[in-house]
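Position one of the sequence shown corresponds to residue 631 (the numbering used here), numbered consecutively onward. All C-beta atoms, glycine included, are put in the ideal place defined by N, C-alpha and C. Keep in mind the model is a prediction, meaning the values are calculated, not measured. The next block holds one structure in the form of structure tokens; read it before the comments.
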Amino acid sequence: MKNRYAYFIGCTIPFRASNYDLATKKVAEKIGLELVDLPDAGCCGLYFELMNELTYLSMAARVLSMAEEKKLDLLVLCNGCNGSLHRANKKLKENPELKDKANEVLADVGREYKGTIEVKHLIRVLYEDVGIEKIKEKIINPLTGVKAAAHYGCHLLKPSEEMRFDDPKNPVSLDRLIEATGAKSVDYYDKMQCCGGYVLAADAKTAYRMTGEKLSHVKAAGADVMITGCPFCNVMYDANQRAAETETGQQYKIPVLHYPQLLALAMGIDPKELGFEQNRVRPDMKLFVKQ
Numbered sequence: 631m632k633n634r635y636a637y638f639i640g641c642t643i644p645f646r647a648s649n650y651d652l653a654t655k656k657v658a659e660k661i662g663l664e665l666v667d668l669p670d671a672g673c674c675g676l677y678f679e680l681m682n683e684l685t686y687l688s689m690a691a692r693v694l695s696m697a698e699e700k701k702l703d704l705l706v707l708c709n710g711c712n713g714s715l716h717r718a719n720k721k722l723k724e725n726p727e728l729k730d731k732a733n734e735v736l737a738d739v740g741r742e743y744k745g746t747i748e749v750k751h752l753i754r755v756l757y758e759d760v761g762i763e764k765i766k767e768k769i770i771n772p773l774t775g776v777k778a779a780a781h782y783g784c785h786l787l788k789p790s791e792e793m794r795f796d797d798p799k800n801p802v803s804l805d806r807l808i809e810a811t812g813a814k815s816v817d818y819y820d821k822m823q824c825c826g827g828y829v830l831a832a833d834a835k836t837a838y839r840m841t842g843e844k845l846s847h848v849k850a851a852g853a854d855v856m857i858t859g860c861p862f863c864n865v866m867y868d869a870n871q872r873a874a875e876t877e878t879g880q881q882y883k884i885p886v887l888h889y890p891q892l893l894a895l896a897m898g899i900d901p902k903e904l905g906f907e908q909n910r911v912r913p914d915m916k917l918f919v920k921q
């Protein structure tokens with residue numbers, strides 16, 4: 631298996647989901663992944679993609695060039711960053727003219743994009759590069775009896791012709807990673823529905839209704855917890871769960887964990903080391919830590 635990656639956490643995680651980063655590093659240490667920080671990395675360019683293509687591509691190329699400098703593939707935690715950097719990498723590799731234009735911009739900051747590395751989301755790295763069996767070997771506190779609902783999010787799998795990972799309509803990767811911990815992954819209605827995050831800036835009420843609708847399906851399926859692999863999806867379901875309750879007039883009380891938090895618990899890592907004080911809807915640790 632590959633064991634070294636350039637490590638990119640994006641913009642949302644440091645400010646709103648640092649427990650995702652914390653749990654990922656704990657898990658990486660347990661399974662022998664070396665995550666090489668990129669301390670000078672900036673935004674992936676996602677929010678400029680529809681406004682100015684060259685600005686977007688140059689911002690993405692700057693990040694990609696940092697991983698290239700270290701001769702490492704880029705591991706990302708955020709679905710949005712995954713989509714943005716994956717698309718930019720593909721577009722720049724396939725269009726020499728765009729690559730030259732982006733490099734003209736990067737020359738001003740002493741960088742050059744070459745197109746020599748790949749972009750991979752954490753979920754993909756764990757599923758494809760580490761593998762389910764290797765993960766199972768590290769489980770010392772199997773989460774037997776825990777029922778978990780997987781939320782994939784939009785930009786882990788789509789656009790499918792570019793990502794070429796899992797089945798975008800009936801994915802199994804996150805479900806199998808959940809079940810590697812000993813927990814049961816429960817199916818539920820509208821499993822592939824968006825969290826509503828990209829609607830938030832335009833229409834908060836609609837966004838919170840989308841969030842609430844998904845949470846209601848998770849609750850109806852009898853899940854103890856919801857599992858995400860995207861920090862912004864996590865914000866929508868966890869930090870904004872109360873806003874969704876206000877909008878829909880329902881109560882959900884569903885804890886929402888980053889996948890590495892779940893995996894770390896199954897690996898026997900102390901919950902105090904995993905940033906659970908940042909989770910707005912606190913999980914009942916009696917479910918996860920056997921006395």
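- Task: Can you tell me the Cβ-Cβ gap for glycine 852 and tyrosine 889, rounded? I've got them flagged as a contact below 8 Å.
- Result: No, glycine 852 and tyrosine 889 are not in contact; Cβ-Cβ is about 20 Å, not under 8 Å.
- According to DSSP, is phenylalanine 795 helix, strand or coil? coil
- Task: Go through its chain and collect everything with a Cβ distance to histidine 741's Cβ below 7 Å, but skip five positions before and after it.
- Result: Checking the displayed sequence, the identity of residue 741 turns out to be arginine instead of histidine. Cβ within range, chain order: Arg692, Ser695.
- Query: Helix or strand or just coil, what does DSSP make of arginine 912?
  - Reply: coil
- Message: Taking the straight line between their C-alpha atoms, what separation do you get for lysine 656 and lysine 750?
- Response: 19 Å
- Message: Just to confirm before moving on: does the CB-CB distance between alanine 697 and alanine 636 stay below 8 Å?
- Response: yes
- Query: If leucine 895 and isoleucine 857 are in contact, beta carbons under 8 Å, what's the gap, nearest whole angstrom?
  - Reply: Their Cβ separation, rounded to whole angstroms, is 11 Å, which puts leucine 895 and isoleucine 857 out of contact at 8 Å.
- Task: Could you give the DSSP three-state label for lysine 622: helix, strand or coil?
- Result: An answer regarding residue 622 cannot be provided, because it is not within the stretch 631 to 921 covered by the chain.
- Counting Cβ pairs, one atom from each stretch, are 3 or more of them under 8 Å apart for the segment 719-728 and the segment 751-769? no
- Indicate whether proline 861 and cysteine 708 have their beta-carbon atoms separated by less than 8 Å. yes
- Message: Whole angstroms are fine: how far does the CA of leucine 773 sit from the CA of tyrosine 806?
- Response: Tyrosine is not the amino acid found at residue 806; the sequence shown has arginine there. Taking the straight line from one Cα to the other gives about 14 Å.
- Evaluate the contact criterion for the segment 812-825 versus the segment 839-851: three or more CB pairs, one atom per stretch, below 8 Å. yes
- Item | Straight-line Cα distance separating arginine 717 from glutamate 724 | 11 Å
- Query: At what residues does the alpha helix (DSSP H) containing lysine 720 begin and finish?
  - Reply: 709-724
- isoleucine 857 - DSSP class collapsed to helix/strand/coil: strand
- Cβ-based neighbour list, threonine 878, same chain, cut-off 8 Å, excluding 5 preceding and 5 following: Tyr838, Arg839, Gly842, Glu843, Ser846
- Query: For valine 855, is the classification buried or exposed, using 16 other Cβ atoms within 10 angstroms of its Cβ as the cut-off for buried?
  - Reply: buried
- Task: Flag this pair as yes or no: are the beta carbons of arginine 912 and glutamine 871 separated by less than 8 Å?
- Result: no
- Excluding the five sequence neighbours on either side, which residues of its own chain have a C-beta within less than 6 Å of the C-beta of threonine 746, listed in chain order? Glu698
- Could you name each continuous alpha helix (DSSP H) segment of 4 residues or more that falls completely within the segment 638-700, going from the start of the chain to the end? 642-646, 648-661, 683-699
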